[in-house]
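**Student:** Sharing a structure below in structure tokens format, with a few things to ask.
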Amino acid sequence: MSKMEATMLHCVFLLLYSHWTLSVEVKPVDPYVVCAFSPPPDIILNHFTDSEDGDVFVAGVDVLYRLPHDLGVMSELNISSDVPNINKVLAVVPEPVNKLITCGSGMGQKCQLRNLTNLIQEGDFESLLVAPPRETTIGLVVEYASPSVTGGMVDLYVAQTVTQNNEVERPPVSVRCLIAVEGAECSQANLTRLASHVSEVFRIRYAAVFSYSGYTYFLSSQMGDATRPGSPIVPKLSRICHSETDEYLSGFTEITLECRGLDGISYSIAQSAHVSDGKLYAIFVENGPDDDGWFDHFNPTNRSALCVYAMDQLIVEFDAAITNCSCEDWYTSNNNWLEHADCRAVSWPLILFQWSAD
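Take the sequence shown: its position 1, counted from the start at 1, is 139 in this note's numbering, and no numbers get skipped.
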């Protein structure tokens, strides 16, 4: 094994369905369970979050629960509507707002502000709609320091699947100010419209959102070239600065990731992500061809991989994506799915050392 191959072994773990048989010792899990909560059999749970006082909030299809730390039910609320209300975003807004945010496929696909005690709706975001049941929506409440005044700010970031058919009423990325310190502006912003030349089959599927070092990051998968049918699906990482004040999020920038094994298999459909100790851990699934042999649709196979990226290297790539964005050296980037998106994307994929289990 070469030194480079040895390095590769530390970068990617492939989750492959194969003929391997693992010998493991199975022990009962019950002794390790501190407590448990089981809803009625017909209730499907989607998300959970917690508050600073230790309460746990659980969202299921058509229902919300508030639980204490020992997971006994303190509050339960039916949130059914004309269509199945599948929760997509669940988050707690800190004081002084001190509310629960819920976004789901029911109730007009709006996001609501709810009482933390009885879960009753106390308001909604009239201009913020989320994706229907079969599409993805991700959201995150971010606290950060205002660069202009002393004190903290709190924003809600929402990203969701977008196509040419729905981007007018549901922008791919939206930001809503929740808390602003005195002297700071509290506003809302939406990512600019899709470009008119985008292919009819173009689709963005957002998988994860996280905050890191002054930016909110979004992990997604989409056609590498938004204008060309047949362009393979690739994973993208995009970001917005927390102090972004432009109502069209002009600071939105993205880079192309790559997760590929030595056997040549590309894993391009993002599933989830987590940042720890300066590293981004992301799970991807291989995208298979459609009936016409193209890879521009989402057609996941049973092969998947976990890729690890160094955040400091990713930040360097983001810096490279805007290096030439100046009046005297302007060029068009490969981010061709947004109107007026010059210099918003780096034009080469970030390639990591990886390994194959074969």
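Quick reminder that beta carbons are idealized off the backbone N, C-alpha and C, glycines included.
Out of curiosity, what's the CA-to-CA distance linking TYR282 and ALA327?
**Tutor:** Distance between the alpha carbons of TYR282 and ALA327 is about 17 angstroms.
**Student:** Please classify GLU323 as buried or exposed, where buried requires at least 16 other C-beta atoms within 10 Å of its C-beta.
**Tutor:** The residue in question, GLU323, is exposed, as its Cβ has fewer than 16 Cβ neighbours within 10 Å.
**Student:** Among all the DSSP beta bridges, which residues are the ones paired with GLU214?
**Tutor:** Beta-bridge pairing links GLU214 to TYR203.
**Student:** What do you reckon, are the CB atoms on TYR295 and THR354 nearer than 7 angstroms?
**Tutor:** Yes, the pair counts as a contact, with Cβ atoms nearer than the cut-off.
**Student:** Cα-Cα, which of LEU357, SER381, PRO367 and GLU190 is closest to GLU396?
**Tutor:** The residue with the shortest Cα to Cα distance from GLU396 is LEU357.
**Student:** Which first and last residues belong to the beta strand (DSSP E) in which PHE436 is found?
**Tutor:** That residue, PHE436, is in no beta strand (DSSP E); it is neither H nor E in DSSP.
**Student:** With a threshold of 16 other CB atoms inside 10 Å of the CB of ASN462, please say whether the residue is buried or exposed.
**Tutor:** Confidence in ASN462 is poor, its pLDDT being 49 and thus under 50, which makes the residue's placement too unreliable to answer from.
**Student:** Please go through the same chain and pick out, in chain order, the residues whose beta-carbon is closer than 8 angstroms to the beta-carbon of SER161, but skip the five residues on each side of it.
**Tutor:** Since pLDDT at SER161 reaches only 49, below the 50 mark, its modelled position is unreliable, and no value is offered.
**Student:** Would you list the one or two residues that DSSP bridges to PHE422?
**Tutor:** Paired residues: ALA408 and ALA443.
**Student:** Does DSSP put ASP457 in a helix, in a strand, or in coil?
**Tutor:** Three-state DSSP puts ASP457 in a helix.
**Student:** Note the first and the last residue of the continuous beta strand (DSSP E) segment covering ASN253.
**Tutor:** It spans 248 to 253 - the beta strand (DSSP E) in which ASN253 sits, taken as one unbroken run.
**Student:** Going by beta carbon distance, what residues of the same chain come within less than 7 angstroms of ASN256, once the five residues before and after it are set aside?
**Tutor:** Result list for ASN256: SER213, in chain order.
**Student:** Relative to the C-alpha of VAL268, which candidate in CYS241, ILE258, GLN250 and VAL231 has its C-alpha closest?
**Tutor:** VAL268 has its Cα closest to that of CYS241, out of CYS241, ILE258, GLN250 and VAL231.
**Student:** Can you give the Cα-Cα distance for THR391 and ASN440, rounded to whole angstroms?
**Tutor:** Taking the straight line joining both Cα atoms gives about 31 angstroms.
**Student:** Please name the residue or residues paired with GLN281 in a DSSP beta bridge.
**Tutor:** Residue identity check: residue 281 is Glu in the sequence provided, not Gln. VAL292, per the DSSP bridge assignment.
**Student:** Using a threshold of 7 angstroms, state whether the C-beta atoms of ILE182 and VAL199 are closer than that.
**Tutor:** Yes, Cβ-Cβ distance for ILE182 and VAL199 is below 7 angstroms.
**Student:** Would ASN301 and THR274 be called neighbours here (beta carbons separated by less than 7 angstroms)?
**Tutor:** What sits at residue 301 in the sequence shown is Thr, not Asn. Their beta carbons are not under 7 angstroms apart, which means THR301 does not touch THR274 by this criterion.
**Student:** Are the CB atoms of ALA364 and PHE340 nearer to each other than 7 angstroms?
**Tutor:** Contact: yes.
**Student:** Can you give the Cα-Cα distance for TYR469 and LEU228, rounded to whole angstroms?
**Tutor:** At TYR469, the pLDDT of 40 sits below 50, so the modelled position is not reliable and the matter cannot be decided from this model.
**Student:** On a CA-only basis, which of SER265, VAL313 and LEU387 is nearest LEU476? Give me that one, please.
**Tutor:** Among SER265, VAL313 and LEU387, the Cα nearest to that of LEU476 is on LEU387.
**Student:** CB of TRP432 to nearest heavy atom of the ligand SAM: below 6 angstroms?
**Tutor:** Because no ligand of any kind appears in the structure shown, any question about the ligand SAM cannot be addressed here.
**Student:** Pick out the complete beta strand (DSSP E) segments inside the segment 295 to 352, 3 residues or longer, and give them in chain order.
**Tutor:** Here the runs fully enclosed are 311 to 317, 326 to 328 and 343 to 350.
**Student:** In this structure, how does DSSP classify TYR386 when only helix, strand and coil are distinguished?
**Tutor:** Coil at TYR386, not helix or strand.
**Student:** Can you tell me whether DSSP reads LEU228 as helix, strand or coil?
**Tutor:** Strand at LEU228.
**Student:** Taking DSSP as the reference, what is the three-state secondary structure of ASP428?
**Tutor:** In this structure, ASP428 counts as coil in the three-state DSSP scheme.
**Student:** Could you spell out the range, first to last residue, of the beta strand (DSSP E) harbouring SER376?
**Tutor:** Taken as a continuous stretch (DSSP letters only), the beta strand (DSSP E) holding SER376 covers 371 to 379.
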